[in-house]
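The structure under discussion appears below in the form of structure tokens.
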Amino acid sequence: MALFVLVLMVSEAIIYELSGESVSIWAMVIAGVSAAFGFAPVVNWLHRWMDRLLFPQHLNVASAIRHLGADDLADLSIENIEITLLERICKVSRRRYAALDERHVADGKVFVYPADAPPVPDHPSESGPQGDYEVCMKLRDDESPIYLLLGPREDEWPLDAEERRSLEGLARFASITLEHARLTRQQAREARLDSISRIAQQLHSHDLKNRLHDLAFLAHHLESGKLDDDDVRRLVLAIGRVTGRMRALMDRMADPNAPVEVHPVPLDLNQLVEKSVHERLWPEGVRVETRLGRLPPAAGDEELLRGVLHNLYDNAVQAMNSQGVLTIETGLVEEDNVSMACVRVSDTGCGIDPDFLRHRLFELFGTNKAQGLGVGLYLSRRIMRAHGGDIVAESPGPGQGATFTIRLPLWAMEQGFREDEEKEAA
94 MALFVLVLMV SEAIIYELSG ESVSIWAMVI AGVSAAFGFA PVVNWLHRWM DRLLFPQHLN
154 VASAIRHLGA DDLADLSIEN IEITLLERIC KVSRRRYAAL DERHVADGKV FVYPADAPPV
214 PDHPSESGPQ GDYEVCMKLR DDESPIYLLL GPREDEWPLD AEERRSLEGL ARFASITLEH
274 ARLTRQQARE ARLDSISRIA QQLHSHDLKN RLHDLAFLAH HLESGKLDDD DVRRLVLAIG
334 RVTGRMRALM DRMADPNAPV EVHPVPLDLN QLVEKSVHER LWPEGVRVET RLGRLPPAAG
394 DEELLRGVLH NLYDNAVQAM NSQGVLTIET GLVEEDNVSM ACVRVSDTGC GIDPDFLRHR
454 LFELFGTNKA QGLGVGLYLS RRIMRAHGGD IVAESPGPGQ GATFTIRLPL WAMEQGFRED
514 EEKEAA
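Using this note's numbering, you'd call the opening residue of the sequence shown number 94 and step up by one each time.
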């Protein structure tokens with residue numbers, strides 16, 4: 094009623110100024126319509142304001158800690174621990190967005206949730222609001238501080254001293270939770286590394302070593318010329334090469350993190366690809382297509398690179414379940430305005446999950462195969478990076494195949510770098 098009277102008085106005054114009439118039916122209409130449409134919003138606003146004033150929604154720290162779910166964070170991939178923790182903090186504290194700033198830590202970076210959260214200031218502090226973030230709290234107070242930043246509340250209610258204390262308690266627990274999750278993952282990683290070392294030792298056991306020696310001995314005698322069939326000769330040569338690769342793999346598996354020694358030479362990458370394809374025994378259901386471009390000599394260690402290629406072939410054949418098309422291409426690519434030689438290995442197999450592709454594919458023990466230790470691609474990447482190159486993977490998604498690309502520096506470029514280094518050293 095008060096709203097109706099107020100609007101009526103204002104309308105009468107305006108109409109009187111415009112028309113000179115003291116009472117107008119239009120003023121009554123305007124007042125009635127305004128009251129009808131304005132009543133509910135005004136009442137709702139007053140209701141919310143009174144609720145906030147009389148019944149403030151402060152953070153219940155004990156309940157929030159339970160909802161953070163610290164126990165399952167360690168089961169997430171390394172890249173997902175921080176984002177998941179921020180998501181849960183936002184949920185329990187009713188904050189629109191949050192950020193974790195670890196830029197002062199070695200190899201640290203900034204994590205935000207959600208992905209479109211505002212940027213974090215370059216030098217955050219606990220002195221007050223930081224840019225678009227209402228709260229900034231230090232999780233670790235040393236030479237490498239870590240900051241937790243929280244955006245405004247979803248209901249836009251301002252921060253008070255009591256909620257600040259509650260958020261600080263939540264932040265302390267979040268810090269402990271984060272360290273616990275990371276430590277648990279690291280311990281699991283070390284335990285698995287210890288397991289793989291024991292497996293490698295078992296692979297070096299006398300029984301398996303004797304079998305490898307038997308295979309090599311048999312291959313040597315069959316190659317001596319007693320068998321004239323070319324196919325059998327090719328099979329025998331393949332057995333010899335397989336035993337050699339098995340020995341090399343066993344040596345590398347004994348310590349996957351051992352330094353990779355590269356002895357680069359001018360390498361005809363096309364010739365290496367042709368040899369690696371020809372020397373392999375392919376399943377009948379796999380069709381291999383090669384598309385070799387013109388390439389200058391690359392700088393590479395032939396034996397190490399042959400191992401990388403065969404690892405990619407193995408993975409592709411498994412992904413296709415021994416049925417499909419494997420395409421191998423060579424060419425030049427530009428990376429940071431530098432030309433590099435590349436080999437692309439594409440298959441028509443099961444594809445790779447996008448999240449696994451981004452976060453775990455090249456990790457040690459990162460495997461999505463029922464059988465497999467997740468060492469091959471990890472070692473392949475270490476070998477390629479030791480060459481001054483790299484290996485990358487692409488996949489449109491599950492069921493759509495995958496492409497692996499290895500990149501190598503050119504021999505002329507590598508020699509130029511070495512000459513520059515020698516001049517600087519002199």
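Think of the CB as a built atom: it goes at the ideal place given N, C-alpha and C, for glycine as much as any other residue.
A quick note: this is a predicted structure, and the numbers were derived from the prediction, not measured.
The Cβ neighbour count for leucine 276, taken over all protein chains shown within 10 Å, is under 16; the residue is labelled exposed.
Boundaries of the beta strand (DSSP E) around methionine 433: 431 to 440. In this structure, the alpha-carbon of glutamine 223 lies about 51 angstroms from that of leucine 402. For proline 207, the secondary structure class from DSSP, reduced to helix, strand or coil, is coil. In the three-state scheme derived from DSSP, where H, G and I count as helix and E and B as strand, tyrosine 240 is classed as strand. Each residue's CA atom was taken as its position, placing tyrosine 240 and arginine 233 some 8 angstroms apart. By the Cβ-count criterion, glutamate 507 is buried, with 16 or more other Cβ atoms from all chains shown falling within 10 Å of its own Cβ. In summary, threonine 336 is buried, with 16 or more beta-carbon neighbours lying within 10 Å of its beta-carbon over all protein chains present. Within its own chain, the residues whose Cβ lies closer than 6 angstroms to the Cβ of glycine 494, once the five positions on either side in sequence are excluded, are Asp440, Thr441, Gly442 and Gly444, listed in chain order. Looking at the DSSP output, leucine 503 shares a beta bridge with Ala391. Glycine 262 sits in a helix when the DSSP states are folded into three classes.
Excluding residues up to 5 positions away in sequence, Leu503 lie with their Cβ nearer than 6 angstroms to the Cβ of proline 389 in the same chain. For aspartate 194, DSSP records a beta bridge to Val203 and Tyr240. Glutamate 219 places its beta carbon less than 9 angstroms from that of cysteine 229. Around the beta carbon of alanine 199, fewer than 16 other beta carbons lie within 10 angstroms, which makes this residue exposed. DSSP places aspartate 483 in the uninterrupted beta strand (DSSP E) bounded by 483 to 487.
In its chain, beyond the 5 residues on either side, Arg187 and Arg188 have a beta carbon closer than 7 angstroms to the beta carbon of arginine 246.
Judged by their CB atoms, leucine 397 and tyrosine 406 are not nearer to each other than the 9 angstroms cut-off. Within the region 355 to 391, the complete beta strand (DSSP E) runs of at least 3 residues fall at 358 to 360 and 379 to 384. Between the C-alpha atoms of methionine 477 and cysteine 435 there is a straight-line separation of about 11 angstroms.
Taking a cut-off of 8 angstroms for Cβ pairs, the region 408 to 425 and the region 364 to 381 touch, as three or more such pairs fall below it. Going by DSSP, methionine 477 is part of no beta strand (DSSP E) but of the alpha helix (DSSP H) stretching over 469 to 479.
Residue environment: proline 217 is assigned as buried (16 or more neighbouring CB atoms within 10 Å of its CB, all protein chains considered).
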